[in-house]
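6 protein chains.
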Amino acid sequence: MPTVITECPRVAPTLAERFLAFGVATVHEAQGRVGLMHAGLKPIYRPAHIAGSAVTCTVAPGDNWTIHVAVEQCQPGDILVVTPTSPCEDGYFGDLLAVSLQSRGVRGLIIAAGVRDTATLTEMKFPVWSNAIFAQGTVKETLGDVNLPMVCAGALVHPGDLIVADDDGVVVVPRASAERVLENCLARETKEAKTRARLAAGELGLDIYGMRSRLQEKGLVYRAARDVA
Amino acid sequence: MPTVITECPRVAPTLAERFLAFGVATVHEAQGRVGLMHAGLKPIYRPAHIAGSAVTCTVAPGDNWTIHVAVEQCQPGDILVVTPTSPCEDGYFGDLLAVSLQSRGVRGLIIAAGVRDTATLTEMKFPVWSNAIFAQGTVKETLGDVNLPMVCAGALVHPGDLIVADDDGVVVVPRASAERVLENCLARETKEAKTRARLAAGELGLDIYGMRSRLQEKGLVYRAARDVA
Amino acid sequence: MPTVITECPRVAPTLAERFLAFGVATVHEAQGRVGLMHAGLKPIYRPAHIAGSAVTCTVAPGDNWTIHVAVEQCQPGDILVVTPTSPCEDGYFGDLLAVSLQSRGVRGLIIAAGVRDTATLTEMKFPVWSNAIFAQGTVKETLGDVNLPMVCAGALVHPGDLIVADDDGVVVVPRASAERVLENCLARETKEAKTRARLAAGELGLDIYGMRSRLQEKGLVYRAARDVA
Amino acid sequence: MPTVITECPRVAPTLAERFLAFGVATVHEAQGRVGLMHAGLKPIYRPAHIAGSAVTCTVAPGDNWTIHVAVEQCQPGDILVVTPTSPCEDGYFGDLLAVSLQSRGVRGLIIAAGVRDTATLTEMKFPVWSNAIFAQGTVKETLGDVNLPMVCAGALVHPGDLIVADDDGVVVVPRASAERVLENCLARETKEAKTRARLAAGELGLDIYGMRSRLQEKGLVYRAARDVA
Amino acid sequence: MPTVITECPRVAPTLAERFLAFGVATVHEAQGRVGLMHAGLKPIYRPAHIAGSAVTCTVAPGDNWTIHVAVEQCQPGDILVVTPTSPCEDGYFGDLLAVSLQSRGVRGLIIAAGVRDTATLTEMKFPVWSNAIFAQGTVKETLGDVNLPMVCAGALVHPGDLIVADDDGVVVVPRASAERVLENCLARETKEAKTRARLAAGELGLDIYGMRSRLQEKGLVYRAARDVA
Amino acid sequence: MPTVITECPRVAPTLAERFLAFGVATVHEAQGRVGLMHAGLKPIYRPAHIAGSAVTCTVAPGDNWTIHVAVEQCQPGDILVVTPTSPCEDGYFGDLLAVSLQSRGVRGLIIAAGVRDTATLTEMKFPVWSNAIFAQGTVKETLGDVNLPMVCAGALVHPGDLIVADDDGVVVVPRASAERVLENCLARETKEAKTRARLAAGELGLDIYGMRSRLQEKGLVYRAARDVA
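Residue numbers (my numbering), protein chains in the order written: chain A, 171 to 399; chain B, 171 to 399; chain C, 171 to 399; chain D, 171 to 399; chain E, 171 to 399; chain F, 171 to 399.
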């Protein structure tokens with residue numbers, strides 16, 4: 171029975187925006203290296219960087235009907251996250267749907283399938299992460315669900331979870347963990363800024379991270395090229 | 171016996187140019203969702219958008235000899251369409267061939283194989299849709315055919331058919347259908363402009379397309395989250 | 171036993187720089203069409219074009235520890251070349267490692283695996299050719315080797331070999347052949363410049379390359395379309 | 171912090187065994203077409219068909235240490251389900267681990283990665299569904315988790331969930347739904363047996379399923395070939 | 171408008187059967203190396219070898235409704251050939267449809283998509299060539315066409331064309347060419363039998379095919395290892 | 171300049187045969203986890219297991235001419251190893267070439283490309299490891315090299331190196347290391363036999379391999395399910 175869950179709780183938009191100070195790689199590390207979507211999801215233009223609350227949506231293969239249903243559930247600050255119930259590279263999403271989402275304040279689209287009208291989407295500055303770019307259109311015959319938990323590109327997403335996406339990929343932060351993960355990001359960034367300065371000054375990671383004794387334990391051998399040949 | 175067909179009839183260049191007002195997604199829809207090449211064909215730079223008459227060419231794997239033969243058959247307004255007789259990602263085409271085609275008024279290349287010298291092709295603004303970018307060169311030992319009907323990236327192409335290509339893919343319009351498809355494109359565009367305005371004003375597709383009753387027929391259920399948990 | 175070879179001989183930086191006058195396709199042809207890495211390696215931004223001496227490095231899947239070891243072996247004018255011991259798309263390399271390499275005068279990275287922080291790497295103008303862009307991080311538990319001969323993306327690389335990389339791919343020139351290959355490149359370029367001028371003037375490759383007699387030998391048949399239908 | 175959850179509740183082995191009367195396609199339909207793992211998971215030999223309770227296990231790329239930890243948590247009637255934290259085709263599992271699992275009454279292995287020693291596993295009649303067969307070994311340096319919920323090949327698996335696997339794929343049935351899904355399977359099978367007999371007797375699905383009126387509504391047109399040409 | 175063409179002319183079943191004396195590789199060569207489907211189509215069991223007349227059928231992604239329509243058009247000696255209008259690996263076809271086709275004397279299925287119930291299909295000895303094996307089911311909402319010309323796995327198929335399929339792949343022989351291609355097969359086989367005997371006696375292909383002079387023309391050099399090191 | 175090296179030194183056939191006591195996974199471990207070809211190489215039938223000396227051969231894409239040249243260089247106990255100069259899935263090798271190799275005592279073929287006539291090859295019991303099975307034939311126009319060092323499926327192979335292949339993959343053992351690697355295999359096997367007996371008796375790898383203290387160091391936590399929920 172196709173179902174729409176309405177009025178889902180979300181991450182506060184102001185909290186979500188603070189994540190824009192960090193790349194996906196940093197957020198992923200800061201929450202313990204979980205929640206990353208597959209590497210196959212690519213932004214249609216670079217650079218792109220968004221953070222917001224997930225509205226989840228499943229679609230039948232070659233059928234984008236449920237996306238029209240999901241649009242109505244979207245609020246300012248949301249990110250629409252779409253996954254087909256079986257793999258499909260068709261162009262589910264084009265410029266008309268983007269106009270509609272943009273008019274509602276939606277920040278972008280994550281879709282484990284194809285999109286089209288990408289030149290127009292790029293001009294509109296509506297960011298999309300997708301598996302494919304393909305002009306092949308879709309029908310409107312079969313319904314999926316909106317705002318049920320789902321697996322998208324290998325990651326579990328609940329409605330209202332925080333999504334962060336940039337040129338390196340897409341990460342899901344469970345709603346309840348968002349504040350804690352933000353603190354971890356801030357702490358990492360402070361530490362990395364210091365490290366970056368030392369590396370730029372020519373210091374070696376081997377020394378900064380104190381790796382030399384562990385290398386020795388592992389039995390690493392250094393030999394000069396002239397002694398080998 | 172390798173064969174070249176000369177002096178093939180074409181779509182009039184002025185007719186072809188009128189298609190530049192439409193994306194491939196629109197043309198594909200307007201001719202009944204047929205004739206699209208596989209999603210694997212990608213432009214070497216974006217944005218790119220061309221329309222013109224096909225000169226068809228088959229090549230042996232790893233052998234670009236027949237492309238040299240095909241160049242001679244190209245006229246202003248043509249698009250060269252190349253397919254290998256078995257899958258091959260070699261760089262069949264580079265800047266010298268592009269210079270030659272450009273000097274003859276050719277609008278671009280569609281090739282279900284690889285190309286190279288892509289930085290130069292991009293500077294030259296010579297658009298290419300290909301399966302791969304690869305510096306690996308080719309030999310000149312085996313001949314294919316020029317201007318016979320062929321299957322390229324899953325679509326049947328006759329010489330003189332209209333080709334339209336943009337960032338979303340490549341579509342083939344049979345020569346005899348080109349005028350009718352253009353009319354359909356114009357009609358779709360008029361309709362979509364109105365819809366776009368309504369969506370931009372915040373109306374929902376569910377309402378514009380009158381989808382709600384069908385949703386109901388399908389038994390769509392809306393439930394509030396607070397009633398679910 | 172994990173091993174680092176130090177003080178490897180290199181191609182002279184001034185010799186390497188002279189290769190920047192040529193694309194990878196030209197260098198590949200000029201050394202007899204060998205030494206090209208697989209087409210799957212792509213630059214994270216375009217255009218990009220570097221030439222330098224290889225520092226080679228193998229890494230365990232999902233483990234970038236050895237890259238930290240390799241950094242210390244890098245000198246101005248080097249290019250770091252990394253390959254995992256089994257296929258892995260994780261993000262082995264990010265902005266901190268790039269800062270460290272850039273502070274040592276390294277020209278870029280070739281990695282048959284994934285990278286991350288690509289928006290920052292692009293801003294920094296640190297060029298990378300990789301199989302993937304992926305935020306997934308790595309651990310530091312298992313050591314590989316630095317500056318042993320290795321196969322990267324299907325090509326054999328010895329430490330100190332010349333690497334040339336551009337938008338079309340990556341080619342390896344054995345250190346001992348670098349001078350000879352450069353001469354071949356120069357000779358090809360002189361010849362191609364003349365050909366380019368003739369093609370731009372509208373001459374046909376069929377005539378410039380004297381192909382017509384060979385086409386005749388192969389039995390190529392020309393027929394006018396009006397005589398076929 | 172790597173974690174092992176012990177003494178997880180399971181589906182009763184006798185309940186699991188009753189699922190062996192049904193193929194994965196039937197179970198998948200019977201629970202509403204959800205819970206199917208990706209098509210990339212293949213059995214190492216055919217035919218193979220198992221049903222049992224999941225012990226879940228995440229592993230680092232190229233590192234099978236956690237599988238050794240998971241073995242101890244397995245009981246008779248269990249199926250071990252393993253997923254790497256990033257994609258990896260290495261051979262995580264071979265004949266020694268299979269001997270160990272078989273001695274504990276484990277029914278098979280589902281692994282979204284590679285296995286090896288497959289000739290021996292086939293002789294032993296220890297069924298495995300995997301993404302790859304590859305002799306490349308793994309290390310024992312990094313720990314994952316045992317019996318935490320995880321995503322395997324696109325499906326969410328909780329420890330103790332029912333797994334059914336056959337030549338067509340792998341499906342997950344949540345522990346709490348197992349009895350209800352079994353009833354649906356039985357009902358479907360009874361119905362299909364009757365249909366099979368009618369089809370074998372030459373009746374058409376179009377008639378048995380009463381499809382003709384819907385075909386007419388959709389505007390399906392029948393034309394004789396002789397009237398078309 | 172979805173369309174079914176009825177009463178299509180076919181290759182005579184007795185002519186089709188004579189092709190079973192030849193492998194697909196031989197038939198492909200004998201008709202001039204055209205008409206081969208992509209390498210991605212694989213038999214669900216080996217060995218398998220069939221020849222018969224094509225009934226063609228297009229299906230929407232994830233929707234097998236049209237296959238039910240096509241069944242009624244099948245006659246003894248036919249082979250059903252199915253292609254989705256955009257790429258889809260769902261299991262379009264299972265044991266019930268196979269029972270129905272087998273009861274009508276159909277020799278097998280070629281499908282550029284997925285199938286399921288493969289253990290049962292194998293037991294039934296109903297051969298299928300497919301892109302995928304996957305338990306994911308399909309819906310019945312959207313209609314395609316039956317017995318229109320179509321492109322399947324890169325090859326153009328007209329209804330009534332001869333299909334030959336074996337462990338190496340699938341080839342299409344246009345109906346009008348079937349007799350001539352059969353004669354070529356017979357001639358090739360006679361010649362190959364003699365060659366096979368000579369090779370089995372230890373003669374070299376280089377001598378049998380008289381290749382030595384062309385090798386010399388190409389400048390092939392033989393050097394002893396002792397003269398190289 | 172295409173080149174054939176003749177009379178290459180080999181691994182003694184009696185030494186090669188002793189490797190048949192071990193799987194590829196064992197040999198790979200025993201020589202320090204190097205020399206494995208990519209996972210994409212699959213045997214055309216299972217089980218299959220061979221060991222012998224490499225005759226190396228490069229071929230142009232879609233051109234098997236050089237294989238005919240290589241046949242002459244093969245001796246009893248050899249394994250022919252073929253790699254195309256750019257990726258190609260055509261059927262380079264069929265039953266005639268297999269008859270010829272078998273008549274010379276060759277043990278099998280490793281080819282990083284396609285083969286055909288696989289039903290006949292299986293009947294003949296001529297084992298082949300390949301990237302693809304495809305009926306598409308090849309031409310004889312361009313020459314490669316025989317018995318030069320080459321990279322095949324990511325591994326460096328010198329003529330005369332030992333090749334071991336089984337259902338899990340293909341491994342290359344440098345000729346000079348063959349005796350030492352055999353000794354390591356024997357030592358591993360002795361040790362594994364004991365371990366296998368203990369595992370079959372129900373002992374845990376955690377205890378046999380003494381892993382428990384290292385698990386504790388890594389901070390592994392055990393929690394009962396009832397204390398978690």
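Glycine included, each C-beta is placed from N, C-alpha and C at the ideal position.
In its own chain, which residues sit with a C-beta less than 8 Å from the C-beta of D265 of chain E, not counting the 5 before and 5 after it?
In the same chain as D265 of chain E, and ignoring 5 residues on each side of it, the C-beta atoms closer than 8 Å to its own belong to D287, T290, L291, M294, in chain order.
Hey, is L313 of chain F's beta-carbon within less than 8 Å of any beta-carbon in chain E?
yes
Since G193 of chain A meets chain D, which of its residues come closer than 7 Å, beta carbon to beta carbon?
Near G193 of chain A there are no residues of chain D at all, since even the closest Cβ is about 17 Å away, more than 7 Å.
Let's test the definition: count the other Cβ atoms within 10 Å of the Cβ of P246 of chain E and tell me whether it reaches 16, buried, or not, exposed.
exposed
Counting only Cβ-Cβ distances shorter than 7 Å, please list the residues of the segment 251 to 262 of chain D near chain C, keeping chain order.
Flagged, chain order: S256, P257, C258, E259, D260.
In three-state DSSP terms, what is N301 of chain E?
strand
Please identify the residue among B:T173, B:P257, B:H238 whose C-alpha is closest to the C-alpha of G380 of chain C.
The residue from B:T173, B:P257, B:H238 with its alpha-carbon nearest to that of G380 of chain C is B:H238.
Can you give me the start and stop residues for the alpha helix (DSSP H) that V194 of chain D sits inside?
Looking at the DSSP string, the run of the alpha helix (DSSP H) that includes V194 of chain D is 194 to 200.
Cutoff 6 Å; reference F189 of chain E; Cβ partners in own chain excluding five residues on either side
A221, V334
Select from A:V276, A:G275, A:L267, A:I281 the residue whose C-alpha is nearest the C-alpha of L376 of chain B.
A:L267
Over what stretch of residues does the alpha helix (DSSP H) that includes C355 of chain D continue unbroken?
Its alpha helix (DSSP H) spans residues 348 to 370.
Residues of the segment 223 to 250 of chain B whose Cβ lies closer than 7 Å to any Cβ of chain F, in chain order
A230, P231, G232
Which ranges would you report for the alpha helix (DSSP H) in the segment 238 to 312 of chain B if only whole runs of at least 4 residues count?
265 to 273, 288 to 293
Less than 8 Å between the C-beta atoms of E348 of chain D and L206 of chain D, yes or no?
The sequence shown places Ala at residue 348 of chain D, not Glu. Pairing A348 of chain D with L206 of chain D gives a Cβ-Cβ distance that is not under 8 Å.
Exposure of D397 of chain C, with buried meaning 16 or more beta-carbon neighbours within 10 Å:
exposed
Taking the C-alpha atoms as reference points, what is the distance between L211 of chain A and L279 of chain C?
23 Å
Is the CB of Q306 of chain D under 8 Å away from at least one CB in chain C?
yes
What does P326 of chain B touch in chain E if you count any residue whose Cβ is under 7 Å from its own?
According to the sequence as given, residue 326 of chain B is Leu; it is not Pro. Within chain E, the residues near L326 of chain B are V321, L326.
Look at the Cβ atom of C258 of chain F, then the Cβ atom of C227 of chain B, and state whether they are nearer than 8 Å.
no
7 Å Cβ shell around F304 of chain A - same chain, five flanking residues per side excluded
Taken in chain order, the residues that qualify are E259, D260, G261, G284, R286.
If we call anything under 8 Å between Cβ atoms a contact, is A240 of chain A one with G232 of chain E?
no
For R396 of chain E, which of helix, strand or coil comes out of DSSP?
helix
What's the gap between the Cα of Q386 of chain B and the Cα of D336 of chain A?
Between the C-alpha atoms of Q386 of chain B and D336 of chain A there is a straight-line separation of about 38 Å.
Any idea if V327 of chain C is buried or exposed, counting beta-carbon neighbours within 10 angstroms, 16 or more meaning buried?
The residue is buried, with at least 16 neighbouring Cβ atoms inside 10 Å.
Under three-state DSSP, which class holds P231 of chain D?
coil
Could you tell me the boundaries of the beta strand (DSSP E) in which L332 of chain D lies?
332 to 336 is the span of the beta strand (DSSP E), which, as asked, contains L332 of chain D.
Can we say the segment 350 to 369 of chain F touches the segment 192 to 201 of chain F, given the rule of at least three CB pairs closer than 8 Å?
yes
For S223 of chain D, the nearest candidate out of D:V341, D:A394, D:A395, D:G389 (CA to CA)
D:V341
Note down, in chain order, every chain D residue with its Cβ under 9 Å from the Cβ of A395 of chain F.
I175, T176, E177, C178, P179, N317, P329, G330
Closer than 7 Å at the beta carbon, the chain E residues around V398 of chain D:
The answer, in chain order, is I175.
Taking V309 of chain B as the query, report the chain F residues whose CB atoms sit under 8 Å from its CB, ordered along the chain.
A230, E311, T312
Determine whether the beta carbon atoms of T176 of chain E and Q243 of chain E lie at a separation below 8 Å.
yes
Option in A:R180, A:D315, A:M171 with minimal Cα separation from P344 of chain A
A:R180
Let me check one thing: in DSSP terms, what residues is S223 of chain C bridge-paired to?
Its beta-bridge partners are C:D248, C:L332.
Taking C-beta pairs closer than 8 Å, name the residues in chain D that V391 of chain F reaches, listed in chain order.
M171, P172, T173, V174
So with Cβ pairs under 8 Å, would you call G264 of chain F a contact of chain E?
Closer than 8 Å to some Cβ of chain E, the Cβ of G264 of chain F qualifies, so yes.
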